[in-house]
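Written out below as C-alpha cells is the structure these notes cover.
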Amino acid sequence: MERIIGIDLGTTNSLAATVIEDGPEVVAPSGENPITPSVLTRSSGNWIVGEAAVAQRLTAPEQTVYSVKRLMGRDVEELAEEIKELPYAVIPAQRKLVKVRIGTEEFTPQELSAEILREVKRRAETALDETVSKAVITVPAYFDDAQRQATRDAAKLAGLEVVRILNEPTAAAIAYGLDERKDGYVAVYDLGGGTFDLSLLKLSGKLFKVIATHGDTRLGGDDFDRELMTLLRERLLAEHPEVTFERAETQQRLRKTAEEIKIRLSGSPETAYTLELPECGIMPQGLVTQAEFEERIAPLIERTLASCRKALRAAGLTAEQMDEVVLVGGSTVVPGVRKAVERFFGRKPHVAIDPYKVVAIGAGIQGHLLAGGRRDFLLLDVIPLALGIETLGGTFSKLITANTTIPAEVAEMFTTNVDNQTAIDVNIYQGERELVEDCRNLGRFKLRGIPPMPAGLPLVEVTFRVDANGLLIVSAKEQRSGTAAEIEVIPSHGLTQSEIDHILEESFDHAISDFNTRQLIEFGQTAARMFRGIEQCWTVAEATLSTEERQELRTQMDVVRSSMQGGDAAALKRQIDALGELTRPLADTAMGRAVLEELQIAAGGSGGRNRKPQPKSSGG
2 MERIIGIDLG TTNSLAATVI EDGPEVVAPS GENPITPSVL TRSSGNWIVG
52 EAAVAQRLTA PEQTVYSVKR LMGRDVEELA EEIKELPYAV IPAQRKLVKV
102 RIGTEEFTPQ ELSAEILREV KRRAETALDE TVSKAVITVP AYFDDAQRQA
152 TRDAAKLAGL EVVRILNEPT AAAIAYGLDE RKDGYVAVYD LGGGTFDLSL
202 LKLSGKLFKV IATHGDTRLG GDDFDRELMT LLRERLLAEH PEVTFERAET
252 QQRLRKTAEE IKIRLSGSPE TAYTLELPEC GIMPQGLVTQ AEFEERIAPL
302 IERTLASCRK ALRAAGLTAE QMDEVVLVGG STVVPGVRKA VERFFGRKPH
352 VAIDPYKVVA IGAGIQGHLL AGGRRDFLLL DVIPLALGIE TLGGTFSKLI
402 TANTTIPAEV AEMFTTNVDN QTAIDVNIYQ GERELVEDCR NLGRFKLRGI
452 PPMPAGLPLV EVTFRVDANG LLIVSAKEQR SGTAAEIEVI PSHGLTQSEI
502 DHILEESFDH AISDFNTRQL IEFGQTAARM FRGIEQCWTV AEATLSTEER
552 QELRTQMDVV RSSMQGGDAA ALKRQIDALG ELTRPLADTA MGRAVLEELQ
602 IAAGGSGGRN RKPQPKSSGG
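Written out as C-alpha cells, the structure is:
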C-alpha cells in the first residue's frame, strides 16, 4: 500500500510520523532532530529552513520568518497587534489576506508554509528511503474554512496531496487510543506555540466521538515569550533608560533570551540570564523565578480555562466528569500550565506520550488507516458552529447544528413567497443567533431559471455537505424544473477569536430576546398572508357574513396590525389565533372547492407537509 504520512504543521515546530513495523513513530534522518523548527530565512534567492534558519533570527531578523501559522487565512486588521512585534514586514494582499515582504520579494503564508512542509517531507523521505506524496496534516480545531484551505494550498505547493485535514486534539486522541480502551470522557488540552484548543471526546467501546470544542487561534507559547520579553524590557529600562527597542536585532535578542528563560524554568524554580546587546554596548544580567513567570502568564492560562468552561457548557458536562485529561503541545510542559489544568479538572493530566510528538503520531496513525492499514477504532469529528441560510425577514435557518458529527449532509425543502419568482439568492451563514445580522456570512450564490409559478409552488431543496476535512459545499435545486446551482464555501478571511466569542457568548446571552424577535418576524409573515387571503375573499364575505361579523373581522385585523408593531411575540400569536377563529366560517362557507384545490397545489401534493419559508428572493 502507498504510505500516507502524518504531519504536525506547528507554529513553532513541525514534524512527521508514520506507522512502521514496531508501531507509530516520528521519522527523521539518522542523527537529525525529528523536530523541524517552523522558521525560514531568505539567502541569495534560496530558502533555509529549520535549525539553520533559527540562528539567522539574530543576524538577519528582517529576512527570517517564524510563526507563519498565525498568518494563515487572516488579514492585516486581525494581525495589527502581532505585526508590531514581528521583525519582518507583513503587508496587505488580495482578498483581505496578507503577504510577507523580504527585500523586494513578497510571499503568501501558504508559500512560506510550503517551504516548511518541503523540509519535513524531505526528512521523512530520507528516513524512510522512499518517495512521499500523500499526507494527513493537522490544524487547530478552531481553524475555519479559510485557514484549512490555506493549509491545503500550502501542501499542494510542497508537492503533497492532502488526504485528510485532521484537528490537532483529534490527532492526540487517536495517538492515545493505542492503549486507552475504556469508556468515558476525555479532555484534550492542546497548547502549542501559537494556538490553543480544548476538545471533549466521548469514548465508547471502539468509538471516539468529539462532542465539543473551543479554542483560541491567537494564544500559545509565543505569548508566554512576549510576557517574559516585557519583563526583561522593564528591567532593562529601569537600569538603562537610554536604550531603545527600535532595532530588530534588539527585539530578537530579547525574544531569544525570553525563550531560553521559559525553557529553563520548565525544569527549575529559578534561572539566571545574560542579555547580550552589543548594538547597545551593554550586557545586563539578572534572575527570573518560576513564581514571577507564572504570575505574568496567569491571565493567559486563565484564557485557556475560559475556553475549557465554554466547551464543557456546550457539551453539558462538568470538569469532574472527565475520566482522562490529555496534555498536548510544547507549551504544556510549563509547570504553571500543568498545575492550573490539574486544579481545574481535579486530576493529574495524562502525559504518557511526549506532548511535542503526540499530534504527529496521531496523524501518522490516521494516515496509516486511510492507506489501508488495520485499526480497530472509529473516530468521529464535529463542526463547532451552526451552518445555514438566510430566510425571509432576515432570519437564520440552521441546517447543520453545532457539534454535528462530520462528514455530514443535510437537505431541507424551501419555497417562495412571491408570485412568479424566477431566481433565489442563497446566502450562507455561520453562527448561533436567530437573525443573520448577528451571524457571519460565508458566501452566496444565485439559483436562476426557476419557471414562473405562484408563491409557494416551487420546491427548492437546499443541501449542505461538510466533508471529512470540515470543508462546506452548498447546493440548491428546484425540484419541479431541475434547475440547480452549488458553491464550495471558502471565506475571504479567517474567523477571529473575538468573532467566535461573540457568536457563542451572544447566543447564550440573547437566546430569549432572539427567539422572541424571530417569532415576531415569522408571526408577522403569517398575519400578512392571512390579510391577503381575507382581502381576496372579501367580495364573498360581503355576501355570506353579516355586517356585525364583517366589522368584527375588520376590528380584529386592526388589533393584529397593532400587535405587529409591538414587541410581544406571544401577544401577537394570541391575536392571530383569534383572527383565525373569526375567518373559519368564511373559509368553510365561502372559499369552496376552488380555494381548497389551490391550497392543495400550494402544498405540492405532500399531504400538507410543513415547509420552511423561501431563501431571500432575487428578481421577479
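Numbers 2 to 621, taken from our numbering, label the letters of the sequence shown in order.
Quick reminder that beta carbons are idealized off the backbone N, C-alpha and C, glycines included.
Quick caveat, the model's predicted, so the values are computed rather than measured.
- Task: Within its chain, find whatever has a CB closer than 7 Å to the CB of A312; leave out the 5 residues flanking it on each side and keep chain order.
- Result: L199, L201, A213, T214 and H215
- Message: Give me, in chain order, the residues of the same chain whose beta-carbon lies closer than 6 Å to that of Q57; leave out the 5 immediate sequence neighbours on both sides.
- Response: T42 and T65
- Query: Does the Cβ of T132 have 16 or more other Cβ atoms within 10 Å, making it buried, or fewer, making it exposed?
  - Reply: exposed
- Task: Give the C-beta separation of K210 and T406 to the nearest angstrom, bearing in mind that I take them to be a contact with Cβ-Cβ under 8 Å.
- Result: 7 Å
- Item | Inter-residue Cα distance where the pair is R551 and L580 | 12 Å
- Collapsed DSSP secondary structure at V329 in the structure displayed: strand
- Query: With a cut-off of 8 Å, do at least 3 Cβ pairs link the region 359-373 to the region 159-171?
  - Reply: yes
- On the premise that L388 lies in contact with F294, defined as a C-beta separation below 8 Å, what is that separation, rounded to the nearest angstrom? Actually they do not touch by this definition, with Cβ atoms about 41 Å apart.
- Item | Beta-carbon contacts of D9 that lie in its chain and below 7 Å, excluding the five residues immediately before and after | S15, L16, T139, V360, A361 and A364
- Message: Applying the 10 Å Cβ sphere with the 16-neighbour rule, what's the burial state of R594?
- Response: Note that R594 scores 42 on pLDDT, short of 50, meaning its location in the model is unreliable and no value can be drawn from it.
- Message: Please classify G620 as buried or exposed, where buried requires at least 16 other C-beta atoms within 10 Å of its C-beta.
- Response: Any answer about G620 is weak, because its pLDDT of 41 lies below 50 and its placement is not dependable; what the coordinates show is given next. Exposed, because fewer than 16 other Cβ atoms sit within 10 Å of the Cβ of G620.
- Can you have a look at I6 and say buried or exposed, based on whether 16 or more other CB atoms are within 10 angstroms of its CB? buried
- Item | Residue burial classification, K349 (beta-carbon count within 10 angstroms, cutoff 16) | exposed
- Simplified DSSP state of H494, which is helix, strand or coil: Annotation note: pLDDT 37 at H494 (below 50); position unreliable, no value reported.
- Assign Q537 to one of two classes, buried (16 or more other C-beta atoms within 10 Å of its C-beta) or exposed (fewer than that). exposed
- Task: In angstroms with no decimal places, state the Cα-to-Cα distance between V561 and A572.
- Result: 9 Å
- At which residue ranges does the region 291-336 contain complete beta strand (DSSP E) runs of 3 or more residues, listed in the order of the chain? 325-329
- Task: Report all residues from its chain with a CB closer than 7 Å to the CB of A528; omit the five preceding and five following residues, and keep chain order.
- Result: V561, M565 and I577
- Item | H351 - DSSP class collapsed to helix/strand/coil | strand
- Task: For E343, I'd like the list of residues in its chain whose CB is within less than 7 Å of its CB, leaving aside the five on either flank, ordered along the chain.
- Result: K349 and P350
- Task: Under 7 Å Cβ to Cβ from V596, same chain only, skipping five residues before and after it: list those, please.
- Result: Since pLDDT at V596 reaches only 46, below the 50 mark, its modelled position is unreliable, and no value is offered.
- Task: If I'm right that N428 touches I390 with Cβ under 8 Å, what's the distance once you round it to whole angstroms?
- Result: 6 Å
- Query: Which residue's Cα is closest to the Cα of N168: A249, Y186, F197 and I451?
  - Reply: F197
- Message: Just to confirm my understanding: we take L179, look at its own chain, exclude 5 residues before and 5 after, and list those with CB closer than 8 Å. What are they?
- Response: In this prediction, L179 scores a pLDDT of 38, lower than 50, which makes its location untrustworthy; no coordinate-derived value is stated.
- Message: Buried or exposed, going by whether 16 or more other CB atoms sit within 10 Å of the CB of L386?
- Response: buried
- Item | Where the beta strand (DSSP E) through F446 begins and ends | R441 to L448
- Task: Give the DSSP-derived three-state secondary structure of I451 in the structure shown.
- Result: coil
- Message: Can you give me the C-alpha to C-alpha distance between A151 and V69, rounded to a whole angstrom?
- Response: 12 Å
- Message: Measuring straight from C-alpha to C-alpha, what distance separates G195 and F246?
- Response: 23 Å
- Item | Best match in F346, D468 and K122 for proximity to R310 [C-alpha to C-alpha] | F346
- Query: Thinking just about the alpha-carbon of each residue, which of E3, C440 and Q480 is nearest to the one in G450?
  - Reply: Q480
- DSSP state of L370, grouped into three classes? helix
- Given a threshold of 16 other Cβ atoms within 10 Å of its Cβ, counted over all protein chains shown, does E52 qualify as buried or as exposed? exposed
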